[in-house]
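Chemist: Attaching a single structure in structure tokens format; questions to follow.
There are 2 protein chains.
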Amino acid sequence: MTNPTAAMIVIGDEILSGRTRDANMFNLAGKLTIHGIDLLEVRVISDKSSEIIAAVNETRAKYDHVFTSGGIGPTHDDITADCIAAAFNVEIGIRDDAKNILATNYENGVDDLTPARLRMARIPDGAFLIDNVISKAPGFSMDNVHVMAGVPSVFNSMIDWLLPKLEKGAEMISSTIRVDLPESIIAEPLGVIANKFPHVSIGSYPFYEDNKHGANIVIRSTETILISNVETEIKSAFKLQ
Amino acid sequence: MTNPTAAMIVIGDEILSGRTRDANMFNLAGKLTIHGIDLLEVRVISDKSSEIIAAVNETRAKYDHVFTSGGIGPTHDDITADCIAAAFNVEIGIRDDAKNILATNYENGVDDLTPARLRMARIPDGAFLIDNVISKAPGFSMDNVHVMAGVPSVFNSMIDWLLPKLEKGAEMISSTIRVDLPESIIAEPLGVIANKFPHVSIGSYPFYEDNKHGANIVIRSTETILISNVETEIKSAFKLQ
């Protein structure tokens, strides 16, 4: 059995300009690993419709799921919903279900829905709404593309609502062994072990700390038995107890 | 005049699995903004040669510069240099200049260069070396593709060495105005201002803090006069002093 695959598209000039450090990628990556969906690619792109449409169409054809963050608020630079409609070649308009959910956020209900607020009820035809417990304005799933807000608290709450509804794969389990030797010493014995276990992902992530080189060796598999076998080999190769 | 453009490719399963939170993207984005190079896309991809080769070829055709991070160490999972050679269809081998630089890192010089260490002297034909003041093993530039290590301290030092050698664009200056109103109130007046200044990038980034909605309005341009004109309009629209 292979796990479902996924890509993420982070929409936002503020990340590309270095003004904001993205948090949603790290959060989504961890949650998908636990759910058994393999995140294989992330793209950070600017708020430009041609770029958004191209990235959505390319990734939705290639992966089982695409998760997007950003660009679904009420302001002029929020163009994600329109781009999704364009990517799928469907109409987009204000939808009653989304409008009624939005209205619950305001004192006078639908009477408080200004044109700007109503922009957040514009949903591509055929999409399913994603709950937003934080600030009401919903996200949506259009086929295999899941469209969520960029504000981290809202993004996280939408993911927490959505993930239990998506098919689970096998959880990827990982184990990390710290070796206080430079990678150039570790490399050959580790290569031999990696060859011996072709179905286990063994990564070496060097660090440099207190003027000394070392590496974290990360062993990843859905099978705990394989992980412990590799752990044994690595500990023996580097004389760790 | 338009600024040079760039993409970044982050190579590493550890980011996609949620094990590590990437730091290089945020650092590079800030430095490129100051240098006047517009970062237009970032891709995070796995340690798989077909993916690396495809991403490099796609982005190097599309942007003036491509910066990569990760995968140039001595272990079996370090395949970036080979992928770059494959992407450019050139040979790769141990190069004397890289070998001599590496040798300075070890007590007995070249005699200490084990096969694993020598892997770090494998450079695609025609590439120029990038200095590594932290741990010697060099990065390289192959045409417009700049290949650097993933360890943040090494990545940063390589960028600091490389950037002054690349043509500068106009620095993108930004100014942020915090408005303590929900985006749905801000949206219409802000849209009018954005229409009036088509050459200024005006982004609205909502936040949710102490149960209240607000937004940071980010004004970006290479011209300080345009920024201050937009600031004046925004302050007047939202009655800020």
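Chains A and B supply the protein sequences, listed in that same order.
Quick note: the first sequence uses the working numbering, first residue 1, plus one each step.
Quick note: the second sequence uses the working numbering, first residue 242, plus one each step.
Quick reminder that beta carbons are idealized off the backbone N, C-alpha and C, glycines included.
1) Straight-line CA distance for Thr345 of chain B to Asn457 of chain B?
2) Terminal residues of the continuous beta strand (DSSP E) containing Thr309 of chain B?
3) So what does DSSP say about Phe155 of chain A, is it helix, strand or coil?
4) How many whole angstroms separate the CB atoms of Leu102 of chain A and Arg122 of chain A, which I take to be in contact at a CB cut-off of 8 angstroms?
5) Beta carbons nearer than 7 angstroms to chain A: which residues of the stretch 294–308 of chain B have them?
6) Exposed or buried, which one is Thr59 of chain A when buried takes at least 16 other CB atoms within 10 Å?
7) Specify the secondary structure class of Phe88 of chain A as computed by DSSP and reduced to three states.
8) What's the call for Arg119 of chain A, buried or exposed, on a 16-neighbour Cβ count within 10 Å?
9) Could you tell me which of B:Val297, B:Pro439, B:Asp451 and B:Ala411 sits nearest to Thr463 of chain B, measuring between CA atoms?
10) Between the C-alpha atoms of His306 of chain B and Ala295 of chain B, what's the straight-line distance to the nearest angstrom?
11) Return no unless some Cβ of chain B is closer than 9 angstroms to the Cβ of Ser236 of chain A.
12) Ser201 of chain A versus chain B: which residues are under 8 angstroms apart at the beta carbon?
13) For a quick check, are the C-beta atoms of Phe479 of chain B and Pro430 of chain B less than 9 angstroms apart?
14) Could you work out which residue in A:Ile134, A:Pro115 and A:Asp96 is closest to Pro124 of chain A when comparing CA atoms only?
15) State the DSSP-derived secondary structure class of Met266 of chain B, mapped to helix, strand or coil.
16) If I measure Cβ to Cβ from Tyr205 of chain A and keep anything under 7 angstroms in the same chain, skipping five residues before and after, which residues do I get?
17) Report yes or no: is there a C-beta of chain A within less than 9 angstroms of the C-beta of Ile286 of chain B?
18) In whole angstroms, give me the CA-to-CA distance for Asp352 of chain B and Arg178 of chain A.
19) Are the beta-carbon atoms of Ser416 of chain B and Leu403 of chain B separated by less than 9 angstroms?
20) What ranges does the beta strand (DSSP E) occupy inside the stretch 143–190 of chain A, keeping only unbroken runs of at least 3 residues that lie completely in it?
Modeler: Let me spell this out:
1) 50 angstroms
2) His306 to Ser310
3) helix
4) Not really, about 11 angstroms apart at Cβ, beyond 8 angstroms.
5) none
6) buried
7) helix
8) buried
9) B:Ala411
10) 16 angstroms
11) no
12) Asp254
13) yes
14) A:Asp96
15) helix
16) Ala215, Asn216 and Val218
17) yes
18) 28 angstroms
19) no
20) 145–148 and 173–179
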